[in-house]
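Residues in the sequence shown are numbered from 1 upward in steps of one, following the UniProt record's numbering. We treat Cβ as the ideally placed atom computed from N, Cα and C, and that holds for glycine. Predicted model, so just to flag it, every value in this text is computed and none were measured.
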Amino acid sequence: MTITTPEDFTRRWRQPPNFPLEIPFDYTFLPAVDVLDYLRKDEEVRFTLLGDDDWQVRMDRTAAFRTAPIEEIISWPFRLVHFNLTRFYSDLLDDFPEEVMVPWRTHLSALGFTWQRLAPILFLSTEGASSTYHNDNSHGLVWQVYGTKTFHSYLDPDKHLSAEAAVVGETTGEEPPEYDVADRQSITMRPGDQLWSHALTPHWVTTASALAMSVTLSHGGLCHQGRFSERELALRAYWDKNPAEAWTHDLRNVRY
Numbered sequence: 001m002t003i004t005t006p007e008d009f010t011r012r013w014r015q016p017p018n019f020p021l022e023i024p025f026d027y028t029f030l031p032a033v034d035v036l037d038y039l040r041k042d043e044e045v046r047f048t049l050l051g052d053d054d055w056q057v058r059m060d061r062t063a064a065f066r067t068a069p070i071e072e073i074i075s076w077p078f079r080l081v082h083f084n085l086t087r088f089y090s091d092l093l094d095d096f097p098e099e100v101m102v103p104w105r106t107h108l109s110a111l112g113f114t115w116q117r118l119a120p121i122l123f124l125s126t127e128g129a130s131s132t133y134h135n136d137n138s139h140g141l142v143w144q145v146y147g148t149k150t151f152h153s154y155l156d157p158d159k160h161l162s163a164e165a166a167v168v169g170e171t172t173g174e175e176p177p178e179y180d181v182a183d184r185q186s187i188t189m190r191p192g193d194q195l196w197s198h199a200l201t202p203h204w205v206t207t208a209s210a211l212a213m214s215v216t217l218s219h220g221g222l223c224h225q226g227r228f229s230e231r232e233l234a235l236r237a238y239w240d241k242n243p244a245e246a247w248t249h250d251l252r253n254v255r256y
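Right, here's the structure in full:
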């Protein structure tokens, strides 16, 4: 069921499974291919060339990724992520703060939410590409902008990875471990679709279109009227015992 009301959201956000929702942002992105052409040249972008080609082909493509013709680039299997989008608020993402970030923060505040970090992340990938199998320390409002992706997680994440195991990074891998298909929650996302991804829940994302772009609004330390989500309590407990590590292993999965 798609969450459309504030009451439903405040009821569902505390515990898995993930759920679709509708937030009417009034913002139009540049075409995905133009965003890709811009971001691939930035020093902070992270990308991984994928596919069944031999090691040398992938290395050659990696070396040419920033400069090869964009028509050639989009024929290669790859995944790309950029975490520091504030650098582009005056050009590539002009008006994004005013039309997305400020309204969303205002909406959350009006509902009684607080947070310690709220930042956008942009993902681009080509057909057949998959993210790593991982979990984030943050809640994500995933917004599919262009193309089609499928967001995979579990109906009951505790059966596959406890919150305590997720906190210490026992999730990350290129592929998910073996699982019963009946346990999987797979949500196909097309342009305009949105999804709430719970903190510390294992997941992976596959791309089903020639090019796909999504933006995730990542919420660190999200709290509603003094209460954290159920799984995030494990993260807070871990940081209470290990204060020097607090926020040092943030949302930025190094193996994306």
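Sequence-distant residues of the same chain with beta carbon closer than 8 angstroms to L21, five excluded per side: T2, I3, T4, F9, L141, Q194, L195, W196
State the DSSP-derived secondary structure class of A234, mapped to helix, strand or coil. helix
So what does DSSP say about L85, is it helix, strand or coil? helix
Residue from R40, H224, L39 with nearest C-alpha to Q116: H224
Per the DSSP calculation, residue 284 is bridged to which residue(s)? The requested residue 284 is not part of the displayed model; the chain covers only 1 to 256.
Beta-carbon gap between T207 and T172 smaller than 7 angstroms: no
What separation, rounded to the nearest whole angstrom, lies between the Cα atoms of R255 and D158? Low local confidence applies: a pLDDT of 43 at R255 is under 50, so the model's placement there is unreliable, with the coordinate-based value given in what follows. Those two C-alpha atoms are separated by around 23 angstroms.
Given a threshold of 16 other Cβ atoms within 10 Å of its Cβ, counted over all protein chains shown, does Q15 qualify as buried or as exposed? exposed
Nearest to I187 by CA position, among R236, E230, W143, is which residue? W143
Beta-carbon spacing of H139, H219 below 7 angstroms: yes
Check the C-beta distance from F123 over to L80 and give it rounded, since I have them as a contact under 8 angstroms. 7 angstroms
Would S125 and A237 be called neighbours here (beta carbons separated by less than 7 angstroms)? no
Determine whether the Cβ of E164 lies closer than 7 angstroms to any Cβ atom of chain D. This model lacks chain D altogether, as it is built from one protein chain only.
Rounded to a whole number of angstroms, what is the C-alpha to C-alpha distance between S162 and A68? 43 angstroms
Between which residues of its own chain and R252 is the CB-CB distance below 8 angstroms, once the five residues before and five after are set aside? With a pLDDT of 45 at R252, under the threshold of 50, the modelled position of this residue cannot be trusted, and the question is left open.
To the nearest angstrom, how far is the alpha carbon of I121 from that of T106? 19 angstroms
Since F228 is in the beta strand (DSSP E), which residue starts that stretch and which ends it? Segment: none, F228 is in no beta strand (DSSP E) and carries neither H nor E.
Considering only their Cβ atoms, is the gap separating V145 from S214 smaller than 7 angstroms? yes
CB of K149 within 7 angstroms of CB of M101, strictly: no
By the three-class DSSP mapping on this structure, what secondary structure does Y133 have? strand
Residue 266, enclosing alpha helix (DSSP H) - first and last residue: Past the boundaries of the shown model lies residue 266; the chain is included only from 1 to 256, so the question cannot be answered.
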